[in-house]
Amino acid sequence: MSTLLDRPESALLVVDVQNGVVDGAPRRDEVVAAIGGLVGRARRAGVPVVWVQHSDDELAQGSDAWQLVPELSRRESEPLVHKSHGDSFEGTDLEGVLAALAVGHLVVTGAETDACIRSTIHGAFTRGYDVTLVADAHTAGDKTAWGAPPVDQVIAHTNLYWGFQSAPGRTADVVPGAEVSFSS
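Here you go:
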């Protein structure tokens with residue numbers, strides 16, 4: 081159980097599923113569809129959906145690249161966290177948003193696996209959250225030209241090592257989207 085006291089709730093975290101981030105990513109449509117399915121299930125279960133949107137020199141706020149993908153629709157009532165660092169907690173109000181919702185468990189989806197997803201799951205875990213990474217609901221752009229492994233290997237490695245993450249009083253888990261349970 082989370083080390084955060086009086087925080088029994090879960091939330092679905094959708095990280096950086098923006099046009100300029102996932103455009104051309106392997107399995108883009110499959111991952112976006114999986115995230116869309118999770119968003120619908122979370123909403124039906126009354127579980128908060130928290131959206132994270134990155135901006136930087138290449139993702140200027142307001143640009144088409146910065147927009148969330150058209151297949152996913154954020155409701156006005158759902159929190160939107162703006163960030164400019166990899167870890168969704170750094171320099172943002174994410175912690176305050178989650179505290180107000182009594183969230184101690186995050187179900188994480190989005191992009192990019194080898195950057196903002198890794199930073200965010202580690203950031204959440206070190207802050208005391210239980211963290212479930214949805215195995216088939218994250219992706220990244222191809223960085224093989226700079227010496228990185230192919231994206232499918234990046235995803236597989238992240239899913240592998242996150243399942244073995246441990247710390248006192250917290251849990252780390254990796255599950256396929258179909259096995260995510262939003263029931264209490």
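If you're matching positions, the sequence shown starts at 81 in this note's numbering and goes up one per residue. The beta-carbon is built from N, C-alpha and C at its ideal position, and this holds for glycine as well.
Contact check, residue i vs residue j, beta carbons under 8 Å
i, j, result
"Val188", "Ser90", "no"
"Ala179", "Val95", "no"
"Val129", "Glu175", "no"
"Ala279", "Ile115", "Because the chain here runs from 81 to 264, residue 279 falls outside it and cannot be looked at."
"Pro248", "Gly184", "no"
"Gly166", "Ser135", "no"
"Val119", "Leu148", "no"
"Phe244", "Ala204", "no"
"Gln98", "Ala140", "no"
Selected residue, minimal CA-CA separation from residue i, among the options
i, options, result
"Asp109", "Thr212, Gly208, Glu151 and Glu170", "Glu151"
"Ala236", "Val255, Gly249 and Ala225", "Val255"
"Val111", "Ala125, Ala220, Leu240 and Gly243", "Ala220"
"Thr193", "Thr172, His185 and Asn239", "Asn239"
"Thr206", "Leu213, Arg250, Glu156 and Val127", "Arg250"
"Ala215", "Gly117, Asp253 and Arg154", "Asp253"
"Pro106", "Val234, Glu170 and Asp136", "Val234"
"Asp86", "Ala182, Thr200 and Gly208", "Ala182"
"Asp103", "Gly257, Tyr241 and Asp222", "Asp222"
"Ala164", "Glu138, Arg155, Gly126 and Ile201", "According to the sequence displayed, residue 164 carries Ser and not Ala. When each option's Cα is compared against that of Ser164, the closest is Glu138."
"Glu156", "Tyr241, Asp173, Thr172 and Trp131", "Trp131"
Residues that DSSP places opposite residue i in a beta bridge
i, result
"Trp146", "Paired residue(s): none; Trp146 is not in a bridge."
"Ala252", "Val211"
"Glu89", "Val183"
"Gln98", "Leu148"
"Val188", "Leu93 and Leu213"
"Ala247", "Arg250"
Residue span of the alpha helix (DSSP H) that contains residue i, given as start and end
i, result
"Ala114", "Arg108 to Ala125"
"Ser199", "Arg198 to Thr206"
"His237", "Val231 to Trp242"
Residue i Cβ short of 7 Å to the ligand SAM heavy atom set
i, result
"Thr200", "The ligand SAM is not part of the structure shown, which contains no ligands of any sort."
Residue burial classification, residue i (beta-carbon count within 10 angstroms, cutoff 16)
i, result
"Ser261", "exposed"
"Trp226", "exposed"
"Gly100", "buried"
"Leu84", "buried"
"Tyr209", "buried"
"Thr224", "exposed"
"Ser82", "buried"
"Leu213", "buried"
"Ala195", "buried"
Span of the beta strand (DSSP E) around residue i
i, result
"Leu139", "It is not in any beta strand (DSSP E) - Leu139 carries neither H nor E in the DSSP assignment."
"His134", "Val129 to His134"
"Val161", "Leu160 to Lys163"
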